[in-house]
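**Q** What follows is a single structure, and I will ask about it in a moment.
Residue numbers (our numbering), protein chains in the order written: chain A, 1 to 166; chain B, 1001 to 1806.
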């Protein structure tokens, strides 16, 4: 099948590649760019494991063609840590509050949460739950993911994080 | 001592040992997308395999034409049953003693059964190839309803078993019969029913569902023709078992098979069994001489690899009019699908379902299970469950509520009246188990006090009265569940897989500078073993958990283990870890005594080293002992500090818990609201409370999904109608209730550290709590039992059937 040349900026780096028009963005990211932190859980846009940030929006990269991302700016989990290599507030929050277990949903969940906190820096629990409802987690029951996002929001806003009583 | 000398508390805290909410070491890589999952693996020249699958649930395969497929660019091979027959692999053994087609051999027996394996240069080309394979089918009549499978005129499903009147578990009564398993005293139980004041009888169905971890099943197989070695990276919960299975069915010697389970994206039982994808990828690698990757998609996962449950349990309890239970009789119709691919220990065709007497002191009980074949996917795996314990807990916990209703008693009161009492442990159940420890009354009362059970019942009574007066359309249910689990399979006397006893193992190697590595036969899929196993060692040998690296999943380096499922890791591998650590400490004691120039008996353990009795300032730290182990051991002692333990547990462990779900349902829409869910778990000694709570949250969420909607459903033609995440209920953060967790601690008397295991308790105990809440809500309208799953539609339908809209 004829291949198309695509260019985009991923985690701040200009990248390019030759792809078939039918190549899914998630495969381009994982196979061509070897950024395997973006996962595939369903290939039907339900589970959110493949969530990346494209031009300021959370996008499920399993149902977007690589060619549709031509010229766009993408962030994957590999681009989330702070510039000095330390964990971002969200990454730290997930660890501190036990917001992950098998880790498979985590990259998509963190990318989604990062965008959520940009859209709404002080979300309520209900807003967090609605905000991540496009991302499945099979391990945690979401409760500690909600806490992780609250932890990160507090840290980013300079507020004190208080763990809700059980 | 001076101000710089750490206090005992500081020394203890530095270890981050047992009981500490240690943050997970795994999270550093997982939060940065640096996990190493199977699909992340890329080998030079790697090919991709994918399946042609059957659209029919039952059909003869007349012809497979791969001519056009082989012309597709990138397609290198199409493997069929005929190809596999040349290496004697068209069929494979199942863990349950049955055989299963790897690829359709003459017929297909369930929708989406594997028919041919297309091997291509990438996954897109493989898919193109699949679309060009032409398969000619002749549809046959299907058997979907398990209750019709043993009709005299039911279609014959397993023609390969023609004339076989017995199977792996005894006689077969019918051509679609797999086994009959009976346990208990039938005569005594029948007599108890004849004498009973009160009896109940209800058919309780636990529907077919699926573990559905977020990462599907997958593998990469690479055969090195020169060395004759096969390497398999896969999503295996039990990598050593996979290596032995491969050795048994291939001609490759076991030491030339390298099975590696890297990071696994959740398992929940789905990744215990051996699937056609593994065999086909291995054969494809042998045929092509290149590495071959097979990655299931979600639809394939839901429809082909290992369902769970599908137990239909006719349940009877005999009791006195005062509410004392006197007998239990259960018959199970177990739908195994097309092949019996249950992942149970070999001698247990219905797993540990004979834990069905639950937490109650039944003087007698009788259980019979009939396994049957239908045109559904094979499996019967333990979805976050110790081999059918979930089914058993659902069965008894629903039945106790039904009995309470018949007696006009409160369900909590009925339970308190019939619990095994603390002083009865170790308790011998009527169906043959020895419960190790428990204090059920304390746990139940703690739950009732915490949630103000009496107050909730009052509120319910008021709401019911208001409903009857027509003032509200809401009904309220209290779902009580008091489960006893049986985990930690298991003692070699009664537990094996393919003849291998279900021990587990640990090897600890301490390095000169006081750091070390522990290799364990279990395999984490998210449970956090790298964190918790190090905590056990830290407490046992006084080396900080941060200085212990835990490694699992590489069969070349890890000691042989039976893997992680059935909540067996803490009870079995956890015990092996403690025992290996104690061997390290025993040798360390000899070294320390030698270095401190006293007799071994004159020194004692103190947090992170030894001290001379009566001379507390004369000490030697474990870190220093590690160094000494490599340069100045006592004369005659071998240098080094290593230990291995293979632990064969003397008994199972029996975690338990008291759960309650408070739910309101709108009868006009069927919409429910979980107002409160409280879970008290007793898993014995608690290694890492943070991880325990996380396990409970996750298991409760699965229980919520299963009870309230998650189902693998078939239509009459055998089409799976819930085969994607569009239809298969996966709760999001919005639907998922808030969880309250609590605990009591009743250590296991036979486990080295008293731990019992917890991963599965919330799934086991959660499902009956949800189902009892729904049933309790509707009970005052005259219903006895409403089958799961309790989705909005079924709730609405239940209300309608009860005449609420009349």
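Beta carbons are placed, not taken as given, at the ideal position from N, Cα and C, and that holds for glycine.
1) Would you report the Cα separation of residue 1047/B and residue 1124/B, rounded to the nearest angstrom?
2) From the DSSP output, which residues share a beta bridge with residue 1139/B?
3) Starting from residue 1295/B, follow its DSSP beta bridges and name the residues at the other end.
4) What did DSSP end up calling residue 1244/B once you bin it into helix, strand or coil?
5) Can you give the Cα-Cα distance for residue 142/A and residue 1469/B, rounded to whole angstroms?
6) Can you give me the C-alpha to C-alpha distance between residue 44/A and residue 1710/B, rounded to a whole angstrom?
7) Between residue 1737/B and the rest of its own chain, which residues show a CB-CB distance below 7 angstroms, the 5 nearest in sequence each way excluded?
8) Do residue 1031/B and residue 94/A count as a contact pair if the criterion is CB distance below 7 angstroms?
9) Just the chain A side, please: which residues come within less than 8 angstroms of residue 1213/B by C-beta, in chain order?
10) Contact defined as beta carbons within less than 8 angstroms: I believe residue 1567/B pairs with residue 1487/B. What is the distance between those atoms, to the nearest angstrom?
11) In the segment 117 to 135 of chain A, which residues sit with their C-beta less than 8 angstroms from some C-beta in chain B, listed in chain order?
12) Please report the straight-line C-alpha distance between residue 180/A and residue 1731/B, rounded to a whole angstrom.
13) If I measure Cβ to Cβ from residue 1235/B and keep anything under 6 angstroms in the same chain, skipping five residues before and after, which residues do I get?
14) Any C-beta of chain A within less than 7 angstroms: which residues of the segment 1284 to 1298 of chain B qualify?
15) Chain D beta carbons: is any one of them nearer than 7 angstroms to that of residue 1724/B?
16) Considering only the alpha carbon of each residue, which of 1499/B, 1374/B, 1700/B, 1767/B lies closest to residue 1151/B?
17) Figure out for me which residue from 1196/B, 1565/B, 1537/B, 1713/B has the closest Cα to the Cα of residue 1836/B.
18) Can you grab the Cα-Cα spacing for the pair residue 1019/B / residue 1511/B, in whole Å?
19) Could you give the residue range of the alpha helix (DSSP H) that holds residue 146/A?
20) Quick check on residue 1811/B: does DSSP put it in helix, strand or coil?
21) Does residue 1694/B have its Cβ less than 7 angstroms from a Cβ in chain A?
22) Give a yes or no on contact between the segment 1377 to 1395 of chain B and the segment 1341 to 1358 of chain B, applying the rule of three or more CB pairs nearer than 8 angstroms.
23) Taking Cβ to Cβ, would you say residue 1807/B is nearer than 7 angstroms to residue 1192/B?
24) So, at 7 angstroms on beta carbons, what are the nonlocal neighbours of residue 1590/B in its own chain, with the 5 sequence-adjacent residues on each side left out?
25) Going by the beta-carbon positions, is the gap between residue 74/A and residue 10/A smaller than 7 angstroms?
26) When DSSP builds the beta bridges, which residues end up paired with residue 1519/B?
27) Just to make sure I have the definition right: I need the residues of chain B whose C-beta is within less than 8 angstroms of the C-beta of residue 146/A. Which are they?
28) Measuring straight from C-alpha to C-alpha, what distance separates residue 1345/B and residue 1541/B?
29) Strictly by DSSP, which residues pair up with residue 1107/B?
30) Rounded to whole angstroms, what is the Cα-Cα separation between residue 1574/B and residue 1090/B?
31) Do you know offhand how far residue 1498/B's Cα is from residue 1050/B's?
32) Along the beta strand (DSSP E) that carries residue 1619/B, what are the first and last residues, could you check?
33) Taking its Cβ as the centre, do 16 or more other Cβ atoms sit within 10 Å of residue 1519/B, making it buried, or is it exposed?
34) Could you spell out the range, first to last residue, of the beta strand (DSSP E) harbouring residue 1100/B?
35) Sort 1399/B, 1521/B, 1275/B by Cα distance to residue 1329/B and report the nearest one.
36) Could you check whether the Cβ of residue 151/A sits closer than 7 angstroms to any Cβ belonging to chain B?
**A** Considering the structure as presented:
1) Reading the second chain from its first residue, position 47 is the one you call residue 1047/B. Reading the second chain from its first residue, position 124 is the one you call residue 1124/B. Approximately 11 angstroms between the Cα atoms of the pair.
2) Residue mapping note: residue 1139/B aligns to position 139 of the second chain, counting from 1. Residue 1139/B is bridged to 1059/B.
3) Against the second chain, residue 1295/B aligns to sequence position 295. Beta-bridge pairing links residue 1295/B to 1218/B.
4) Within the second chain, numbered from 1, the residue matching residue 1244/B stands at position 244. In the structure shown, residue 1244/B falls within a helical segment according to DSSP collapsed to helix, strand and coil.
5) Your numbering for residue 142/A matches position 142 in the first chain. Your numbering for residue 1469/B matches position 469 in the second chain. So the two alpha carbons sit approximately 39 angstroms from each other.
6) The count along the first chain starts at 1 and reaches residue 44/A at position 44. The count along the second chain starts at 1 and reaches residue 1710/B at position 710. Approximately 18 angstroms, taken between the alpha carbons.
7) Residue numbering aside, residue 1737/B sits at position 737 when the second chain is read from its first letter. Within the same chain, residue 1737/B has close Cβ partners 1674, 1677, 1704.
8) On the first chain, residue 94/A is found 94 positions in, with the first residue counted as 1. On the second chain, residue 1031/B is found 31 positions in, with the first residue counted as 1. Going by C-beta atoms, residue 94/A is nearer than 7 angstroms to residue 1031/B.
9) Reading the second chain from its first residue, position 213 is the one you call residue 1213/B. Near residue 1213/B (Cβ distances below 8 angstroms), the residues of chain A are 102, 104, 138.
10) The residue labelled residue 1567/B in the question sits at position 567 within the second chain. The residue labelled residue 1487/B in the question sits at position 487 within the second chain. Rounded to the nearest angstrom, the Cβ distance from residue 1567/B to residue 1487/B is 4 angstroms, consistent with a contact under 8 angstroms.
11) Those would be 128, 129, 130, 132, 133, 134, 135, in chain order.
12) Shown here, chain A extends from 1 to 166; a query on residue 180/A therefore has no answer.
13) Counting from 1 along the second chain, the entry for residue 1235/B is found at position 235. Spatial neighbours of residue 1235/B in its own chain (CB-CB distance under 6 angstroms, excluding positions within 5 residues in sequence) are listed in chain order as 1038, 1217, 1218, 1264, 1271.
14) Listed in sequence order: 1297, 1298.
15) No chain D appears in the structure shown, which is made up of the protein chains A and B.
16) On the second chain, position 151 is the one that residue 1151/B refers to. Nearest option by C-alpha distance: 1374/B.
17) No information on residue 1836/B is available, as it lies outside the stretch 1001 to 1806 that chain B covers here.
18) Here residue 1019/B refers to the residue found at position 19 when the second chain is read from its first residue. Here residue 1511/B refers to the residue found at position 511 when the second chain is read from its first residue. If you take the alpha carbons of residue 1019/B and residue 1511/B, they lie about 25 angstroms apart.
19) Counting from 1 along the first chain, the entry for residue 146/A is found at position 146. Residues 143 to 157.
20) Here chain B has residues from 1001 to 1806 only, and residue 1811/B is not among them.
21) For the purposes of this step, residue 1694/B is taken as residue 694 along the second chain, with counting starting at 1. The beta carbon of residue 1694/B sits closer than 7 angstroms to some beta carbon of chain A.
22) Output reads yes: the segment 1341 to 1358 of chain B touches the segment 1377 to 1395 of chain B.
23) Outside the shown range of chain B, which is 1001 to 1806, sits residue 1807/B, and nothing can be said about it.
24) Here residue 1590/B refers to the residue found at position 590 when the second chain is read from its first residue. Taken in chain order, the residues that qualify are 1600, 1634, 1637.
25) In the first chain, residue 74/A corresponds to position 74, counting from 1. In the first chain, residue 10/A corresponds to position 10, counting from 1. In contact: residue 74/A and residue 10/A (Cβ atoms closer than 7 angstroms).
26) Indexing the second chain from 1 puts residue 1519/B at position 519. Note: residue 1519/B sits in a beta bridge opposite 1507/B, 1551/B.
27) Position 146 of the first chain, counted from the start, is the residue given in the question as residue 146/A. Against chain B, a Cβ distance below 8 angstroms from residue 146/A picks out 1733.
28) Within the second chain, numbered from 1, the residue matching residue 1345/B stands at position 345. Within the second chain, numbered from 1, the residue matching residue 1541/B stands at position 541. Here the alpha carbons of residue 1541/B and residue 1345/B stand approximately 34 angstroms from one another.
29) Counting from 1 along the second chain, the entry for residue 1107/B is found at position 107. DSSP, once it has assigned bridges, lists 1060/B as partnering residue 1107/B.
30) Counting from one through the second chain, the residue named residue 1574/B turns up at place 574. Counting from one through the second chain, the residue named residue 1090/B turns up at place 90. Rounded to whole angstroms, the gap between the alpha carbons of residue 1574/B and residue 1090/B is 38 angstroms.
31) As a position in the second chain, residue 1498/B is number 498, starting the count at 1. As a position in the second chain, residue 1050/B is number 50, starting the count at 1. Using only the alpha carbons, I get a separation of about 29 angstroms.
32) In the second chain, counting from the first residue as 1, residue 1619/B sits at position 619. Counting along the chain, the unbroken beta strand (DSSP E) around residue 1619/B starts and ends at 1615 to 1621.
33) Counting from one through the second chain, the residue named residue 1519/B turns up at place 519. It is buried - the Cβ of residue 1519/B has at least 16 other Cβ atoms within 10 Å.
34) The count along the second chain starts at 1 and reaches residue 1100/B at position 100. From DSSP, the beta strand (DSSP E) with residue 1100/B extends over 1099 to 1101.
35) Along the second chain, one-based indexing puts residue 1329/B at 329. Among 1399/B, 1521/B, 1275/B, the Cα nearest to that of residue 1329/B belongs to 1399/B.
36) The residue you call residue 151/A lines up with position 151 of the first chain. Answer no: the Cβ-Cβ gap between residue 151/A and chain B never drops below 7 angstroms.
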